[in-house]
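Shown next, in structure tokens, is the structure this report addresses.
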Amino acid sequence: MRPTDLERRALLMGMGAVALAPAASLARSREPSPAAPVPAAPPDDWPGFAPGPGSPFGGGADPFGMPGGGADSSTITIDLPQLRYEGSWNPRPGAMRVLARELRLRTRLEPVLEPGEVAAASSAELFATPFLYVAGQGELPPLGPGGEEALRRFIDLGGLIVFDAADGGTDPGFVRDVKALLGRISPASEVAPVGRDHVLYRSFYLIDSPMGRTRTHDHVLGVQDEGRLRALVMRNDLGGALAETNDGLPAYPCTPGGHVQREWAIRFGVNILLYATCTDYKADRAHVETLLRSRRWR
Amino acid sequence: MNEQMSLAAGHVPDPAVLALLGVAVLLAVAEGMAAFRRPRSAVPRRISAALLGLRLLALAALLSVVFELTLRIEQVSPSGRRLVVLVDHSASMALADGTTPEATPEARIDRLRAAWQASADARVGWRDDGLTVEVRGFDLETHPMTGDRAETLAGEPDGAGSDLARALSELGQPEADRAPLAGVVVLSDGLVAEDDATAAHVDAVGQGLQVPITTLSAGAPFIRDVSVAQIRAGEFAFVENVAEIEATLVAHGLAGTATTVLLRRDGEEVASRRVELGTDGVPTPVRFEVAPDRVGQFVYEVVVPAQPNEATVANNARAFVIKVLRDKVRVLHVAGRPDWDVRALRTLLRRDPNVELLSYYILRGLDDIGREDTTAALSLIPFPTDELFEEELGSFDLVILHNFDAVQHQVEQYLDNIARYVEEGGALVLIGGDLAFTDLGYGLPELANLLPVDSRIRSRLTHEPFRPRVTDAGRRHPITAWLAAAEGGWGQLPALSNYNPLSPNPRSDVIGAASLLVHPEATDARGHPRPILGVSEPGRGRALVLATGSTWQLGFAPDLPLIDGARPYDLLWLGAVRWLLRDDSSGRLTLETDKPRYRVGEAVELSAKTWSASYAAEPGIEVEWALRPLGTGPDGQPPAPLHEGQWTTDGLGRARQVLEFLPVGAYVAQARRELGAPAAGEIGEGSEAEGLDAPEVRRVFIVEPPGRELARIDADPGIARLAALAEATGGEALSAADGDTLPRRIPLAPLRSAREGQRVDARTDVPLWNGWLALLLLVTSFGGEWLLRRRQGEV
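Note that the protein sequences, when read in sequence, are chains A and B. Quick note, the first sequence lines up with residues 1 to 298 if you use our numbering. Quick note, the second sequence lines up with residues 1001 to 1795 if you use our numbering.
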């Protein structure tokens, strides 16, 4: 597999270089082409789309797989740590690894190849990265006073916790426990739906709906403080859409949208990390032109 | 001297007794008269007359005893009723004007003096009429003029204003042992009221005296002068925002003259306008638009050059104070890659309501573009390099290039623009990482020469934990001094996790560069410690290089210490931004006055406060202060201090000084403190560097006269004003310019009583009731009548 991937990478890089030579002088991202309108959400019936293995849009191993994912030892990488706790802490193994890969392929973010784990909420490792992924199923056991205090400090200092319910909306137990936890560590803010106009939905991709393995809920829940998300509760099993088998194939079918829905789930995951690193950057856009023209020249 | 006699009663009985007495006296007189008229053959006529005479004499003696009559003999002479002459000693009296355009201008006070001398005979006649002539000078206050000064009206007219209303009201106050006021003479140019309300007040006070006020106006119709009559300017302005200043010029005798009006700031010319002066008395507006280039408090002045043969140049300039504040700080934040360090800085900047943040983060690279699904709807926007780094670069107060690979994004062609932006006063921050300093993008000589590090050499990011060392320069610099003051220094702070190995700029001494933080062990080929945080001050701007992409860890750690209640990350970056933007509060000493302009006579309050390196109040600090007139002396040096001294700040880091009796003018108050010497044995990296914040602050303020004495100097309104006052009070309106002199018969108030106008020189009282004569008269008259009646058989 690796030699094939290398050849494919070389081919695509060459093609990219040729295709982008005229665009290189602009050094800009391209706007969506008006000639090919893209639905904001995938249609329920899109049976013709079946990306094969190795496609960036159908799962599979990193087609450009190289040690370090293209980054050298000097690259500033970011981790996507997952919290380990007593219980079903890892219902979707490898989900963060896949998300890291997709981020490297699609953005300038450089996540590590193998996202780490935080052994316990009370450990100092929690503060190595201001991002924490907490997955679960059925319930979230108590993390203990030390753990909760650490999580409180984590979000007070500006960290973002993403809770991902693997049940996909069939069992409210995990989400119930998450809400209770958030009520204790962030009592001043309530867990509430995150509006469609939140910058989370346009931090990289333009997304209308937070999809995961399921599409049960059309919104995510969040704890906000003056517009800044401190915690996100994903109830559509994002990890389930990301997880892969050892062969690089999707581990769980996405219903009802299949591969297309998986692509949207990946996009939502990308948006989460772009929001985590850039916060409300994409909310600046509406004021750009006004800002540029409001002041006198020096 | 004449002698007057009068009877004075020493006792007046009660009204009831008085009435009874009156009735008794009348009955006695009536009976005596009746007896005298009644024909009696037995009583000769002469006896009847004697009886009546004795009756009347007895009644007179009785009344003199009852009323204790006294004969008063007074020696009187004509009295000293007062005539007060008020002489205007305000500065406008020194102006020279003429009766015709061709006439040689004559100072108004000289014209008055000539009229006064010509009125010498009239003044002698006033005294002969018994008037006491009292001469008083007035400007904002009145002062007596006696002897030669009163005779010649000597004295320099230099008063800051003409408060005629006050001078007149003082005359209306009762004064013991003073002769009553009979009239007032006002010698003035009539410029005694700035507005109609004041003029009405003068008239009201004048009429309240109830004596005629004769006026002799000193002004003449033709004068040659231009004045800055009015200034319209806001008290505040914002850096790099246009502020409008409008001055109104009023000219006389200079119609059509072209001149250049200057706008100065703290004595230096900042703008000029060519104007044509209008006809006499017609206001000519002059507008300036200025965009202050730095914060602070400044004395602005509008100045009209002196015109040939101008009556006075004292009104050719007018000063005012403008405090320049920083508007919202415009910050451009460009990042080559999203990461936690970018996030932390963006969050900090966004939290500040005074920051207008414009961000561009490179979210995907060229290789990412090649792999992307072209149907994906993205929120990405073009990176407008031309607009940012060419057209609008100058509009930013601060430009941050955060782990940014300039070459990759074709920004290296704009780096000379960025260098020029810094030299012309901009602020630039370069933050390291895996993309910055690796493509030689910052190696362009124009930019490399300005940075505190040598950017001509590639510097690949090194990942290793370390705690920077604070240098000698860093201990004193406002960005990092808090680190030196914090207990444990950096030892208590989280370690950083990466750095770009760089070298100090070989031209550090030229650009005022210094390394504030260095790697504790790593050195370059020349043995210099690797700078982690370096600053420089090239030209008028400031630059900062942070050779690490991991300062975000100073704000996110399990046992993160708070220093004076703030996270170390916030202290580092807020201090950096303040220093970069030359924020006044980035200093360790602040100085304020309670207001920017004062009236003469008002007390001026200076207040200072000292701050520690972590911006907490610092007590017990010695501060040297001085007050000087603003500007330069004849030798080009600052003038000598008017006041100076030393404060020691109190427990809250404050000190205060009140200054009184400052004359009119513009002043600068300066204060200075020491920041402490470096510790012994410390290697002074960067200690020779220039550009570290000077611990001296300054505040300017103006002391103004209470009115605008020379703002409008046209005599015509003054002549009309005086004429109106004379007419309203029954006096006479005269004009020295027309050759009038003071009249021999000055209008005076009529006498209110017969005795008004007389002076008693001596008095003798002869009591008629308590001497032996009165007793003899009483006995003789009453007894004689009884005896005579008895002899005639009527008793």
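Backbone N, C-alpha and C define an ideal beta-carbon position, used for all residues, glycine too. Given the structure is predicted, the values throughout are model-derived calculations rather than measurements.
- Using a Cβ-Cβ distance cut-off of 8 Å, the segment 1332-1339 of chain B and the segment 265-285 of chain A are in contact, since at least three pairs of beta carbons, one from each stretch, lie closer than that value.
- In the three-state DSSP reduction, residue 1765(B) falls in the strand class (E or B).
- In summary, the residues of the segment 1362-1375 of chain B whose CB is separated from some CB of chain A by less than 7 Å are 1362, 1363, 1364, 1365, 1366, 1367, 1368, 1369, 1370, 1371, 1372, 1373, 1374, 1375, in the order they occur in the chain.
- Under the DSSP assignment, residue 1463(B) falls in the beta strand (DSSP E) whose first and last residues are 1462-1466.
- Residue 1383(B) sits away from residue 1418(B), with the two beta carbons spaced by 8 Å or more.
- Nearest in C-alpha terms to residue 1036(B), of all of 1022(B), 1025(B), 1055(B), is 1055(B).
- Here residue 1722(B) has 1186, 1188, 1190, 1215, 1217, 1733 as same chain residues with Cβ atoms under 7 Å from its own Cβ, once five neighbours each way along the sequence are excluded.
- Of all alpha-carbon atoms in 1651(B), 1621(B), 1668(B), 1024(B), the one lying nearest the alpha-carbon of residue 1643(B) is that of 1668(B).
- Pairing residue 1776(B) with residue 1785(B), the inter-Cα distance amounts to about 14 Å.
- Note on geometry: alpha-carbon atoms of residue 1150(B) and residue 1716(B) lie some 27 Å from one another.
- Residue 1033(B): member of the alpha helix (DSSP H) spanning 1015-1037, first to last residue.
- In this structure residue 1254(B) is not in contact with residue 1282(B), their Cβ atoms being roughly 11 Å apart against a cut-off of 8 Å.
- DSSP places residue 161(A) within a strand segment (E or B) once states are collapsed to three.
- Apart from sequence neighbours up to five positions away, the residues of its chain that approach residue 1400(B) with a beta-carbon distance below 6 Å are 1333, 1429, ordered along the chain.
- Scanning the segment 1118-1143 of chain B from its first residue to its last, the whole beta strand (DSSP E) runs of 3-plus residues come out as 1131-1138.
- Under the three-state reduction of DSSP output, residue 1498(B) falls in the strand class.
- Within chain A, the C-beta atoms nearer than 8 Å to that of residue 1347(B) come from 158, 228, 279, in chain order.
- Put simply, the backbone Cα of residue 204(A) is about 23 Å away from that of residue 1331(B).
- Residue 1126(B) is classed as buried because its beta carbon has at least 16 other beta carbons within 10 Å across all chains shown.
- Residues 1042 of the same chain have their beta carbon placed closer than 8 Å to that of residue 1793(B), with the five preceding and five following residues left out of the count.
- If you draw a 10 Å sphere on the C-beta of residue 1434(B), you find 16 or more other C-beta atoms in it, and that means buried.
- For residue 1362(B), same chain residues with a beta-carbon under 6 Å away, outside a window of 5 residues either side, are 1336 in chain order.
- Beyond the five residues adjoining it in sequence on each side, residue 1299(B) comes within less than 7 Å, by CB distance, of 1266, 1319, 1321, 1630, 1666, 1700, 1702 in the same chain, given in chain order.
- By alpha-carbon distance to residue 142(A), the top candidate from 212(A), 84(A), 100(A), 225(A) is 84(A).
- Here the alpha carbons of residue 264(A) and residue 1377(B) stand approximately 11 Å from one another.
- Sequence-ordered contacts of the segment 1543-1563 of chain B with chain A read 1549, 1550, 1552, 1553, 1555, 1556, 1557, 1558, 1559, 1560 [C-beta pairs closer than 9 Å].
- If only uninterrupted beta strand (DSSP E) runs of at least 3 residues are considered, none is enclosed by the segment 101-127 of chain A.
- Burial state of residue 1471(B) is buried, judged by a 10 Å Cβ sphere holding 16 or more other Cβ atoms.
- The criterion of a C-beta distance shorter than 8 Å is satisfied by residue 1247(B) and residue 1302(B).
- At a cut-off of 8 Å between C-beta atoms, residue 205(A) counts as an interface residue with respect to chain B.
- At a cut-off of 8 Å between C-beta atoms, residue 255(A) does not count as an interface residue with respect to chain B.
- No residue range can be given for residue 1478(B), since it is assigned to no beta strand (DSSP E) and is classified by DSSP as neither H nor E.
- In this structure, the straight-line span from the alpha carbon of residue 1704(B) to that of residue 1597(B) is close to 7 Å.
- When Cβ-Cβ separations below 8 Å define contact, residue 1338(B) makes contact with chain A.
- Identification of residues in the segment 1376-1390 of chain B having a C-beta nearer than 9 Å to some C-beta of chain A yields 1376, 1377, 1378, 1379, 1380, 1381, 1382, 1383, 1384, 1385, 1387, 1388, given in sequence order.
- Burial check for residue 1595(B): the Cβ neighbour count within 10 Å stays below 16, so the residue is exposed.
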